[in-house]
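Chemist:
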Amino acid sequence: MTTININAVNKVFTTGGNDVIALKDINLEIASGEFICLLGPSGCGKSTLLNAIAGFSHPSSGQILAGGKLITEPGPDRGMVFQEYALFPWMSIERNIAFGLEIAGKSAPEIKERVDMLLNMLGLTEFRARYPKDLSGGMRQRVAIARVLALDSPIMLMDEPFGALDALTRRNLQDELLKIWKVFGTTIVFVTHSIEESIYLADRTIVMTYRPGTIKRDVAIDLPRPRDPSDPEFNRLKRMLGEMVMEEQQRHHNAETMAITAD
Amino acid sequence: MNLQTMKRALHGAIVPVAVLLIWQAMSTFGWINPQILPSPVAVLVKWYEYLIPMEAYTPDSGNYLLWMLSGELPHDAWASLSRVLGGFAIGAGLALPLGLLMGTNKTVYKLFDPLVQVLRPIPPIAYIPLAILWFGLGNPPAFFLISIGSFFPVLMNTIAGVRQVDGIYIRAARNLGASQMTMFRRVILPAATPYILAGARIGMGTAFIVVIVAEMIAVNSGLGFRILEAREYFWSDKIIAGMFTIGLFGLAIDIAMNALNNHLLQWHRGLEH
Numbered sequence: 001m002t003t004i005n006i007n008a009v010n011k012v013f014t015t016g017g018n019d020v021i022a023l024k025d026i027n028l029e030i031a032s033g034e035f036i037c038l039l040g041p042s043g044c045g046k047s048t049l050l051n052a053i054a055g056f057s058h059p060s061s062g063q064i065l066a067g068g069k070l071i072t073e074p075g076p077d078r079g080m081v082f083q084e085y086a087l088f089p090w091m092s093i094e095r096n097i098a099f100g101l102e103i104a105g106k107s108a109p110e111i112k113e114r115v116d117m118l119l120n121m122l123g124l125t126e127f128r129a130r131y132p133k134d135l136s137g138g139m140r141q142r143v144a145i146a147r148v149l150a151l152d153s154p155i156m157l158m159d160e161p162f163g164a165l166d167a168l169t170r171r172n173l174q175d176e177l178l179k180i181w182k183v184f185g186t187t188i189v190f191v192t193h194s195i196e197e198s199i200y201l202a203d204r205t206i207v208m209t210y211r212p213g214t215i216k217r218d219v220a221i222d223l224p225r226p227r228d229p230s231d232p233e234f235n236r237l238k239r240m241l242g243e244m245v246m247e248e249q250q251r252h253h254n255a256e257t258m259a260i261t262a263d
Numbered sequence: 001m002n003l004q005t006m007k008r009a010l011h012g013a014i015v016p017v018a019v020l021l022i023w024q025a026m027s028t029f030g031w032i033n034p035q036i037l038p039s040p041v042a043v044l045v046k047w048y049e050y051l052i053p054m055e056a057y058t059p060d061s062g063n064y065l066l067w068m069l070s071g072e073l074p075h076d077a078w079a080s081l082s083r084v085l086g087g088f089a090i091g092a093g094l095a096l097p098l099g100l101l102m103g104t105n106k107t108v109y110k111l112f113d114p115l116v117q118v119l120r121p122i123p124p125i126a127y128i129p130l131a132i133l134w135f136g137l138g139n140p141p142a143f144f145l146i147s148i149g150s151f152f153p154v155l156m157n158t159i160a161g162v163r164q165v166d167g168i169y170i171r172a173a174r175n176l177g178a179s180q181m182t183m184f185r186r187v188i189l190p191a192a193t194p195y196i197l198a199g200a201r202i203g204m205g206t207a208f209i210v211v212i213v214a215e216m217i218a219v220n221s222g223l224g225f226r227i228l229e230a231r232e233y234f235w236s237d238k239i240i241a242g243m244f245t246i247g248l249f250g251l252a253i254d255i256a257m258n259a260l261n262n263h264l265l266q267w268h269r270g271l272e273h
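The listed protein sequences correspond, in order, to chains S and H. Residues in the first sequence are numbered from 1 upward in steps of one, following the numbering used here. Residues in the second sequence are numbered from 1 upward in steps of one, following the numbering used here.
Have a look at this one:
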C-alpha cells in the first residue's frame, strides 16, 4: 500500500499584510495502512496539513510524498471525507458514489457492481435512489465514505468527519470506520479535536501546537481493539493528551484575548 | 374537498365577490357611464364573443378543434405566445452561454461586464424607436424587444449562479479527479441551475410585459394590439376582457415555469443551504 512522507514542511499565510506561520518544520512519516490522528485546538494547522496532503494547497517549503511520489495536485489516490459531507445535492446517493468511478472511465457493469457492494456494506441500499437532503448527517457521512472507498484510494483523508454528529451516531460511525479500515487496509489520516476520538481510533496520535503549527508529541496508542473508553490505560492516555491539548488551547485563548485587547 | 379547504376557498372568495357585486351595482343603478366602466356581465359576454369562432361550423371548415380555436381570442393568444416563446428563446439562448462564460472565466467577465452594466438598466421599452427603425413593423421588432427583455435577467442570474457555486463541491470533485469539462458539466452547471431557472422565470415575466407593449406599437395582431384597437372604437368591455385574458395568460405562463422548476429541481426542494 502507500506511505506518506512529510519532509520539513512549512506553510505561511499572508492575511492583511501579516504573515501567519500555519505550519513550521513538520516532519512525519506515516506507514502504509496506518491510522493517524492529527489532534489539536482550532488554529493549530491540522486541517492545513491535511489539505496539503490532499493537494488542495502547497507547502511554502518542504515536500510531501505519497507512495514516494511528490504531491502537486488533488487526486483520487487520496480520497477526502469532509466535515460538511460535500455530497453533490443534485445527484442521487447512488450517483454520488458512482461519480468518481465514472470520472475514472470504468465500465457500467463494473460501476454497478462496486456501487452495489458499497451500498450494501454501509447499509445504504434502501436509500440508493434518494437525494442527500433526504438523509440524516450520519447517513450522509456514510455516503461520503462510500464515495471515497469506491475509488479504492490507498489513502483516506478525513477532516473532522464526525464533528457535526451526535455522540451515538458518532460512536457508530467510528466503529464502522474501523471495520472498513480493517477490510480495505487503507492508510488513514484523521483530523479531530476530540481527544477521546483520537484514542479510540488511532494507531498514533499527533498532537499539534497552536501557531506556529508544529508537532508537539507523537503518541503511539498501543491498546488492543476494540478499545474500551472506561479502561484505565485509555483514561491515562486521555489525561495525558488532554493536558497537552489544553496547554495549546490556553495559548489559543491568550492569543485571541490579546488580539481583542489590541484593537 | 374537505371542510378545511372549502372554508379556505370561501374565505378567499369574499373580497373578489364583493368587488364584483359593487362593480355590477354601479352599472345596474346607473351610477357610472358604461362607456367608462362596463358591468362585469357585459365584460363576460364580450369575452365570450371574443372567444368563440366568428363563423358557424360547416363541414368544409375542416377539423372541429381547429374551428373551435378559430375565434379572435385564441388567434391573438397564439400570436402573443409565439412571440414570447420565440423572443425568449433568442434572448435566453444568447444569455446562457455568455453568462456561463462570464461566470467561469475572469477575463471574459472583465471584458464584458462594463458593457453589460451600461446596457442593463435601459428598459426594453426604450428600444422601441430603434427597433422600428431597424426592423420596421411586424414580428421582427417584437422578437428583438422581447429577446432584449429576457436577455438580461437570464444573463445576470447565470453569472451569479456560476459564481456562487460552493467551493466545497469544487474541492470534492477535484479530489475525485474531475477534469475541467466534467467539473463544468456535472458540478458547476447543476449547482447553478436553481439560479438560472430563477433568471428564466424573471426573463419570461419581462418577455410577457414587453410583448404587450410591442404589440401596441409595432404589430397588428396579438393581445396587446387587440386592447389598443378596442380603445379606438370605445369598446371598453373588450378592453377589460382583453386585460383579463392577458392576466390569465401571464398566470398560466408563471404556473408552467414553476412546474418546470419543480420538476428539474427535485433535489433542491427544501434544501437548507
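Heads up, the beta-carbon is just placed ideally off N, CA and C, and yes, glycines get one too.
Given that a residue counts as buried once 16 or more other Cβ atoms are within 10 Å of its Cβ, and exposed if not, what is Y244 (chain H)?
Modeler: Residue 244 (chain H) is actually Phe in this sequence, not Tyr. With fewer than 16 other Cβ atoms within 10 Å, it is exposed.
Chemist: Taking Cβ-Cβ distances shorter than 8 Å, what residues in chain H pair up with G123 (chain S)?
Modeler: None at all; the shortest Cβ gap to chain H is about 22 Å.
Chemist: Please report the Cβ distance between L151 (chain S) and P76 (chain S), rounded to the nearest whole angstrom; I am assuming they are in contact, meaning their Cβ atoms lie under 8 Å.
Modeler: That belief holds up - the Cβ atoms of L151 (chain S) and P76 (chain S) are roughly 4 Å apart, short of 8 Å.
Chemist: By the criterion of Cβ-Cβ separation under 7 Å, what are the contact partners of A198 (chain H) in chain S?
Modeler: Result: empty, since nearest Cβ-Cβ is about 16 Å, beyond 7 Å.
Chemist: What would DSSP say about S179 (chain H), mapped onto helix, strand or coil?
Modeler: S179 (chain H) falls in the coil class under three-state DSSP.
Chemist: Is I93 (chain S) close to chain H, meaning its C-beta is less than 8 Å from at least one C-beta of that chain?
Modeler: For I93 (chain S), the answer is no, since every Cβ of chain H falls outside 8 Å of its Cβ.
Chemist: Hey, how far is the Cα of T261 (chain S) from the Cα of Q250 (chain S)?
Modeler: Using only the alpha carbons, I get a separation of about 16 Å.
Chemist: What span of residues does the alpha helix (DSSP H) with I97 (chain S) cover, start to end?
Modeler: Here the alpha helix (DSSP H) through I97 (chain S) covers I93 to I103.
Chemist: Along chain S, which residues have their Cβ under 7 Å away from the Cβ of R174 (chain H)?
Modeler: What R174 (chain H) touches in chain S: P74.
Chemist: Just list the alpha helix (DSSP H) runs in the segment 197-273 of chain H, keeping only unbroken ones of 4 residues or longer that don't cross its boundaries, in chain order.
Modeler: The segment 197-273 of chain H contains these whole alpha helix (DSSP H) runs: 223-232 and 236-264.
Chemist: Quick check on V187 (chain H) - is its C-beta less than 8 Å from some C-beta in chain S?
Modeler: V187 (chain H) counts as touching chain S.
Chemist: Report all residues from its chain with a CB closer than 6 Å to the CB of L241 (chain S); omit the five preceding and five following residues, and keep chain order.
Modeler: Result list for L241 (chain S): I195, in chain order.
Chemist: Taking Cβ to Cβ, would you say I26 (chain S) is nearer than 8 Å to I6 (chain S)?
Modeler: Yes, they are a contact pair.
Chemist: Just mark S271 (chain S) as buried or exposed, buried being the case when its beta carbon has 16 or more other beta carbons within 10 Å.
Modeler: No answer is possible for residue 271 (chain S): the residues shown for chain S start at 1 and end at 263.
Chemist: Which same chain residues, not among the five before or five after M216 (chain H), have their C-beta less than 6 Å away from its C-beta?
Modeler: Cβ within range, chain order: G224 and L228.
Chemist: For the segment 164-186 of chain S, which residues have a CB atom closer than 7 Å to at least one CB atom of chain H, in sequence order?
Modeler: Residues passing the 7 Å Cβ filter: none.
Chemist: Could you tell me whether any Cβ in chain H is nearer than 8 Å to the Cβ of P224 (chain S)?
Modeler: P224 (chain S) does not count as touching chain H.
Chemist: Excluding the 5 residues flanking I103 (chain S) on each side, which residues of the same chain have their C-beta closer than 8 Å to its C-beta?
Modeler: The answer, listed in chain order, is P76.
Chemist: Would you please state the rounded distance, in angstroms, between the beta carbons of A173 (chain H) and M181 (chain H)? I believe it to be under 8 Å.
Modeler: 12 Å between Cβ atoms; not a contact.
Chemist: Alpha carbon to alpha carbon, how far is Q141 (chain S) from V115 (chain S)? Give it in angstroms, no decimals.
Modeler: Each residue's alpha carbon lies about 16 Å from the other.
Chemist: Let's test the definition: count the other Cβ atoms within 10 Å of the Cβ of P229 (chain S) and tell me whether it reaches 16, buried, or not, exposed.
Modeler: Answer is exposed; the Cβ neighbour count stays below 16.
Chemist: Are the C-beta of L149 (chain S) and some C-beta of chain H separated by less than 8 Å?
Modeler: Not closer than 8 Å to any Cβ of chain H, the Cβ of L149 (chain S) fails to qualify, so no.
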